[in-house]
Structures are given as C-alpha cells and as structure tokens.
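First up is the structure itself, then whatever we jot down about it.
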Amino acid sequence: MEKKKQINRVSEMTVFQVYPGIELIYNNFEVPNFDFDSHETENIMEISHCRKGRVECELKDGTYLYLGEGDLGINMMNNHATAMDFPVKYYEGISVNLYLDILKDELPEILEGAFVDIRKMKEKFCSENGCFIMRATSQIEHIFSELYKIPDEIKGAYLKVKVIELLLFMSVLDQSMGEKKESYHKCHVETVKKIRTHLVNHYGTRYTIDELAKEYCISPTTLKVYFKEVFGTTIASYMKSYRMKKGAALLRNTHDSISDIAYSVGYESQSKFAITFKELYDMSPLEYRKKCSFHENKED
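The sequence shown begins at 2 in our numbering and counts up one residue at a time.
Here it is, written out as structure tokens:
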C-alpha cells in the first residue's frame, strides 16, 4: 500500500506498508524544516538513510545529531523532537519504521527462520535512550542505493526483499561500527546558525574565524567543530560555494562586468574569482555567461 503526503510544491513523503509493523518512507524535502505528526511515536524504531542533503534531529536530552550524505541512523522515535531541520534546505532519504509492539507478535515468517530478534536490536542500538550513527560505507550504499531506483511494477515485492536484507544486516552489525555520539548542544547550534545567516547576508565581506568567534562569544575551535557538524563542511568551503552560486546568478541575470561581479561576491581579484568559479562549474565565468545566454536565446 502506497500513501503520499504532499508537503509543498517540491516536497513529499511516500509511505509503503511493507509488512505488518514495518513501513518504508521515501522522504524528499526542499524546505528548511518540517514538523512530523506526533500522535504515535511510542516503541517505534526508526532506521534512517540520508541520500542527499543533511538532516538535524534534536534529542530528548537537548543535544543534536546529524546525518549527512550516505549516513545511517537508528533511533527510537520517542527519543527525538517531532520537528526536523534541514540545514542546507534540502534532504532526500529513506526511513524504515519498525513498530515493535506489532512485530513482537507478527514478525515476518522469513525473519523467524533467520533468527532475527527485533527486541535485541533495540537493546543493541537504542538502549537507555541511545542512538546509533554509522557514517557512509560501501555496505550501507549497497543496501540503500537500489531502493532509490526500483521499477514501479516490481516495487512492492522488491521492498519486501530489501527490508529483509536491511534487517539481516542490522542483526549482524557490530556496535563498534557506529560513531561515538558527540554531544552537540542547543546554544552552540543556534549560535553557528546565526553566524551562517550573518555570513550569507554579508557574503561580499570576508571574516576570519577569530572575528566571528569574538563577535558571537564562542571559542574558535567550537565554532569550527559545530559549523562543520551542522552544515557538513567548513566555513571557508561553505562560503566559497555560496559566493559562486551568487556569482553564477549575477552572470545569468545581469550585464555587470565579471570584475564587478567578482568584487561584489568578495573577490578583489577577477582572476581568483575565475579560478574558483571554474573549480565548481567546470567552465570560466565568461563561458558560463555565454552558455546561459545561448540557452535563453534558443528558448526565445
């Protein structure tokens, strides 16, 4: 059974009931955050895979965890807030929800023969309100990559096979493969988000780590660690990408000179802007402008 929940014009959740007590959800969000329905979260284990983007989850103890591209997370649904944040404003992934109260009485027959114990999985991965994070590996990629490209005519049967494969993988997965959970605290998370907002609102100005740390009363080390965890990359890399996106928009939508565009996005040297632009777009700013102009003229 397939159920779709449209979030907005570009975001949706598609839910499949794979077995009694097991549902698989395709998540596709292009929003900064989303509030999930909270009517039923008790004794449900959630297995999450991030394909693209990034997801932030606030736990009951007030700390945060993050999944980046290729990462796997296992958590009890009543251990986190119902609101999810997407720090880079998009997220594509899969969630497999195990309704443990149902599964203790109605475990799929094929799993009984494989000696998979769902209760032990909860103890292994989520004991004492804990959670399990495994960063991207070839094993995770193997299991989940095929789930994103299943032909519709075999989707129902194929999901059954892949969910069994996932549960078998979890049953033999060693806890030591997981990442030790770091405590990312709300006050610092909110501070780096404010810093990120300040940076993108003043992308034409360059700030040092020390300047930002002093202005926002946070240590330089904490700023660097938290920014990378929240946004998945360093401040320098994040702003380089942001400036190039702004530069690309100006190349497409204005007749400003390349030197003026370079200066407006924080580059005093046109040549440095051109080198950086080519790193990200595989063409020079001039080539990019000509290409965009050609496509516009072709459409006209």
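Idealized CB from N, CA, C, for every residue including glycine. All figures in this text were calculated on a predicted structure; none of them were measured in a lab.
Residue pairing by DSSP places M77 opposite M46 in a beta bridge. By the neighbour-count criterion, in which 16 or more other beta carbons inside 10 Å mark a residue as buried, S49 falls on the buried side.
Fewer than three Cβ pairs drawn from the segment 136-156 and the segment 106-118 lie within less than 8 Å of each other, which leaves the two stretches out of contact.
DSSP links K5 through a beta bridge to T15. Less than 8 Å divides the Cβ of R197 from the Cβ of F232.
Here H81 is buried. Its C-beta has 16 or more other C-beta atoms within 10 Å. For T64, DSSP records a beta bridge to H186. Between Y20 and the set D211, V190, I276 and K163, the nearest pair of CA atoms involves K163.
Annotated three-state conformation of D86 is strand, per DSSP. Rounded to the nearest whole angstrom, the C-alpha separation of V266 and R52 is 30 Å. By the 16-neighbour rule on beta-carbons within 10 angstroms, F228 is buried. Around the Cβ of M284, a 10 Å sphere holds fewer than 16 other Cβ atoms; the residue is exposed.
Assigned with DSSP and collapsed to three states, C51 falls in strand. Within the same chain, Cβ atoms closer than 7 Å to the Cβ of I219 are found at H189 and T192, the five residues on either side in sequence being excluded. The alpha carbon of V32 has as its nearest neighbour, out of E43, G22 and R55, the alpha carbon of R55. Under the 10 Å beta carbon count, Y67 is surrounded by 16 or more other beta carbons and is classified as buried. Straight across, the Cα-Cα distance linking M77 with G63 is about 15 Å. Secondary structure note for Y100: its beta strand (DSSP E) is the uninterrupted segment Y92 to Y100.
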